[in-house]
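Engineer: Residue numbers (the UniProt record's numbering): 1 to 472.
Can you keep this structure in mind? I'll have questions shortly.
In structure tokens form, the structure reads like this:
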């Protein structure tokens, strides 16, 4: 007899001639079905059920959840079969290679360099845009070098003949002569910028100029200057259209675009007279003049009074920048309700490559994790067959999910109980006690079963190494 409170009561179970518990059901008169199909065997959820579902999933050539459940019901009635089938499919490495999505993370807070008051272009980011063609240069490609201020959002443009290091250094010298030498420079990982970094470090030293490169193949890490690249391209495309001009005219147009971009408002215009634009930090006025206070600045003849007025206006601009601009920056957004912290060292991952089909994406092993200033994993160093590479978390598809799974922990615990060596080994999820370490000689215990005292280990016994903070 089955108790009414039991979950098996609604299945009307009975014992067959061999003592196997089966489902009575309502298909007893279905002669087209076999005896096993009419009365499937009841299997409780656990390690045996997990192995059965996993074996059936592989026999069906990695079929989906619906097909897997339908095939199992022809012989077995597994308790909570749908949740178990979903976990088997989710943890199947072959299926995850084709179905796993790139990992996601909470939006990172803004770097300290962007939200700290500093002179214009003291924190600079640089990038290339192009190619462009001129009527007097034939098929020769020209490029734009963009220098933007991370604090005031001001922009400086230079036209160069190529992407070589020499042309960039000349453009950088012109930029420094007009805007002063920056203390921090952000850029991507282009070969030109890396070579320029080496030259600058040799000439100035790391104490004078600090060059920071973002994670490879992660333009979203430099979104604040990529947006200005788009603004320049849009203005240039709409200004020229299909016409081709000579190099002198192109340089003039780029200078005018620079002035227009520097005259854009940095925030919503709420009140008259509170328009904050990058030009106010560069030259102290806008073009055209829109503020009566700025008009009064032109009427002052006394040099001392002019200096005092200039200092007061500059201080007022910074107060508006602090009270209005910073507070109106986009808040922290959650891309998903569930944060993703399951990436661990030694995890096997699939590396996304937008230039190749998914089946040709390379595999990698996590050897180092990089955390942001908020403690979240932002990038990882991966070991591939071609060497070590660094990729952001958006390019990583996790194949080995080491996140907390109560069902799988229960299954793992049951498998250890059924294992013959369970009585001679300690639990993988906890370090062995002092008494156990004294009873078991160290030469008889494998290294992976002897974690360090106080170390953090995963449920499979792997030591979790400390993460490194990514200084960005």
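Built from N, CA and C at the ideal position, the CB exists for glycine as well.
Which residues bound the alpha helix (DSSP H) around residue 167?
Structural biologist: Here residue 167 refers to the residue found at position 167 of the chain shown. Residue 167 -> alpha helix (DSSP H) spans 165-179.
Engineer: At the level of alpha carbons, what is the spacing between residue 260 and residue 180?
Structural biologist: Numbered from 1 along the chain shown, position 260 holds the residue referred to as residue 260. Numbered from 1 along the chain shown, position 180 holds the residue referred to as residue 180. About 21 Å.
Engineer: Can you give me the Cβ contacts of residue 221 inside the same chain, cut-off strictly under 8 Å, excluding the 5 residues immediately before and after it?
Structural biologist: Residue 221 sits at position 221 when you count from the first residue of the chain shown. Correct list, in chain order: 214, 215, 392 and 472.
Engineer: The beta strand (DSSP E) spanning residue 381 covers which residue range?
Structural biologist: Within the chain shown, residue 381 is the residue found at index 381, counting from 1. Element bounds for residue 381: 377-384.
Engineer: With C-beta atoms as the reference, is residue 87 less than 8 Å away from residue 397?
Structural biologist: Here the question's residue 87 lines up with position 87 in the chain shown. Here the question's residue 397 lines up with position 397 in the chain shown. No, Cβ-Cβ distance for residue 87 and residue 397 is not below 8 Å.
Engineer: If contacts are defined as beta-carbon pairs under 8 Å, then residue 123 and residue 219 qualify, I think. What distance do you get, rounded to the angstrom?
Structural biologist: Numbered from its first residue, the chain shown carries residue 123 at position 123. Numbered from its first residue, the chain shown carries residue 219 at position 219. Not confirmed; about 19 Å, so no contact.
Engineer: Need the endpoints of the beta strand (DSSP E) that residue 348 sits in, please.
Structural biologist: Position 348 of the chain shown holds residue 348. Counting along the chain, the beta strand (DSSP E) containing residue 348 begins and ends at 348-351.
Engineer: Going by the beta-carbon positions, is the gap between residue 109 and residue 149 smaller than 8 Å?
Structural biologist: Here residue 109 is taken as the residue at index 109 of the chain shown, counted from 1. Here residue 149 is taken as the residue at index 149 of the chain shown, counted from 1. No, Cβ-Cβ distance for residue 109 and residue 149 is not below 8 Å.
Engineer: Is it right to say residue 158 is buried, meaning 16 or more other beta carbons lie within 10 angstroms of its own, or is it exposed?
Structural biologist: Here residue 158 refers to the residue found at position 158 when the chain shown is read from its first residue. Buried, since its Cβ has 16 or more Cβ neighbours within 10 Å.
Engineer: Closest by CA to residue 278, which one among 376, 152, 228 and 165?
Structural biologist: Against the chain shown, residue 278 aligns to sequence position 278. Out of 376, 152, 228 and 165, 152 has the C-alpha closest to the C-alpha of residue 278.
Engineer: Could you tell me the alpha carbon to alpha carbon distance between residue 42 and residue 58, rounded to whole angstroms?
Structural biologist: Translated into positions along the chain shown, residue 42 becomes position 42. Translated into positions along the chain shown, residue 58 becomes position 58. When rounded, the distance between both Cα atoms is 21 Å.
Engineer: From residue 71 to residue 399, what does the alpha carbon distance come to, in whole angstroms?
Structural biologist: As a position in the chain shown, residue 71 is number 71, starting the count at 1. As a position in the chain shown, residue 399 is number 399, starting the count at 1. Distance between the alpha carbons of residue 71 and residue 399: 26 Å.
Engineer: Using CA atoms only, rank isn't needed, just tell me which of 38, 78, 26 and 31 is closest to residue 44.
Structural biologist: Along the chain shown, one-based indexing puts residue 44 at 44. Selected option, being the one with the closest Cα: 78.
Engineer: In this structure, what does DSSP give as the bridge partners for residue 156?
Structural biologist: As a working mapping, residue 156 is identified with position 156 in the chain shown. Looking at the DSSP assignment, residue 156 forms a beta bridge with 147.
Engineer: In or out: residue 359 buried (at least 16 other Cβ within 10 Å) or exposed?
Structural biologist: Numbered from its first residue, the chain shown carries residue 359 at position 359. Exposed, since its Cβ has fewer than 16 Cβ neighbours within 10 Å.
Engineer: Taking a contact to mean a Cβ-Cβ separation below 8 Å, would you say residue 89 touches residue 64 in this structure?
Structural biologist: Residue mapping note: residue 89 aligns to position 89 of the chain shown, counting from 1. Residue mapping note: residue 64 aligns to position 64 of the chain shown, counting from 1. Result yes, Cβ atoms of residue 89 and residue 64 sit closer than 8 Å.
Engineer: Just confirm the distance between the C-beta atoms of residue 68 and residue 60, as a whole number of angstroms; I'd bet it's less than 8 Å.
Structural biologist: Within the chain shown, residue 68 is the residue found at index 68, counting from 1. Within the chain shown, residue 60 is the residue found at index 60, counting from 1. Their Cβ separation, rounded to whole angstroms, is 6 Å, which keeps residue 68 and residue 60 in contact under 8 Å.
Engineer: By Cβ distance below 6 Å, which residues in the same chain neighbour residue 147 in space, the five residues on each side in sequence not counted?
Structural biologist: Within the chain shown, the letter at position 147 stands for residue 147. Answer for residue 147: 124, 126, 156 and 175, listed in chain order.
Engineer: In chain order, what residues of the same chain lie with their CB nearer than 7 Å to the CB of residue 379, ignoring the 5 residues before and after it?
Structural biologist: Residue mapping note: residue 379 aligns to position 379 of the chain shown, counting from 1. 215, 370, 390, 391, 392, 393 and 470, listed in sequence order.
Engineer: Counting only runs of 3+ residues fully inside the region 66-113, write out the beta strand (DSSP E) ranges in chain order.
Structural biologist: Within the region 66-113, the complete beta strand (DSSP E) runs of at least 3 residues are 76-78.
Engineer: What whole-angstrom Cβ distance do residue 350 and residue 154 have, given they're in contact under 8 Å?
Structural biologist: Stepping through the chain shown from its first residue, residue 350 is reached at position 350. Stepping through the chain shown from its first residue, residue 154 is reached at position 154. Incorrect: roughly 41 Å between the Cβ atoms, too far for contact.
Engineer: Under a three-way DSSP split, which group does residue 47 fall into?
Structural biologist: Locating residue 47 in the chain shown gives position 47, where the first residue counts as 1. Looking at residue 47 - three-state DSSP - the assignment turns out to be helix.
Engineer: Considering only their Cβ atoms, is the gap separating residue 202 from residue 163 smaller than 8 Å?
Structural biologist: In the chain shown, counting from the first residue as 1, residue 163 sits at position 163. In the chain shown, counting from the first residue as 1, residue 202 sits at position 202. In this structure, residue 202 does not lie closer than 8 Å to residue 163 by Cβ.
Engineer: Have a look at the DSSP bridge pairing and note the partners of residue 63.
Structural biologist: Position 63 of the chain shown, counted from the start, is the residue given in the question as residue 63. In DSSP, residue 63 forms no bridge with anything.
Engineer: Residue 187 by DSSP, collapsed to three states: which one?
Structural biologist: As a first step, residue 187 is located in the chain shown; it is residue number 187 there, counting from the start. Three-state DSSP puts residue 187 in a strand.
Engineer: Under 8 Å, do residue 49 and residue 11 count as touching if we go by C-beta distance?
Structural biologist: As a position in the chain shown, residue 49 is number 49, starting the count at 1. As a position in the chain shown, residue 11 is number 11, starting the count at 1. No, these two residues do not count as a Cβ contact at 8 Å.
Engineer: Figure out for me which residue from 209, 128 and 140 has the closest Cα to the Cα of residue 171.
Structural biologist: Taking the first residue of the chain shown as position 1, residue 171 is located at position 171. Of 209, 128 and 140, the residue nearest in Cα terms is 128.
Engineer: With DSSP collapsed to three states, give me the class of residue 223.
Structural biologist: Position 223 of the chain shown holds residue 223. Correct three-state label for residue 223: helix.
Engineer: With 16 as the cutoff for other CB atoms within 10 Å, does residue 40 come out buried or exposed?
Structural biologist: The residue you call residue 40 lines up with position 40 of the chain shown. Classification of residue 40: buried, given that the 10 Å Cβ count is 16 or more.
Engineer: Of the residues 373, 352, 382 and 353, which one's Cα is nearest the Cα of residue 473?
Structural biologist: No information on residue 473 is available, as it lies outside the stretch 1 to 472 that the chain covers here.
Engineer: On the criterion of 16 or more Cβ atoms from any shown chain inside 10 Å, does residue 168 qualify as buried, or is it exposed?
Structural biologist: Working through the chain shown from its first residue, we reach residue 168 at position 168. Residue 168 comes out buried.
Engineer: Please determine, among 199, 18 and 82, the residue with the shortest C-alpha to C-alpha distance to residue 173.
Structural biologist: Here residue 173 refers to the residue found at position 173 when the chain shown is read from its first residue. Closest by alpha carbon: 199.
Engineer: List the DSSP bridge partners of residue 41.
Structural biologist: If you number the chain shown from 1, residue 41 lands on position 41. Per DSSP, 22 and 76.
Engineer: Are the beta-carbon atoms of residue 133 and residue 244 separated by less than 8 Å?
Structural biologist: Taking the first residue of the chain shown as position 1, residue 133 is located at position 133. Taking the first residue of the chain shown as position 1, residue 244 is located at position 244. Yes, Cβ-Cβ distance for residue 133 and residue 244 is below 8 Å.
Engineer: What's the gap between the Cα of residue 178 and the Cα of residue 258?
Structural biologist: Counting from 1 along the chain shown, the entry for residue 178 is found at position 178. Counting from 1 along the chain shown, the entry for residue 258 is found at position 258. Rounded to whole angstroms, residue 178 to residue 258 spans 14 Å at the Cα level.
Engineer: Taking buried to mean at least 16 other C-beta atoms within 10 Å of its own C-beta, is residue 189 buried or exposed?
Structural biologist: In the chain shown, residue 189 corresponds to position 189, counting from 1. Counting Cβ neighbours within 10 Å, residue 189 comes out exposed, since fewer than 16 surround it.
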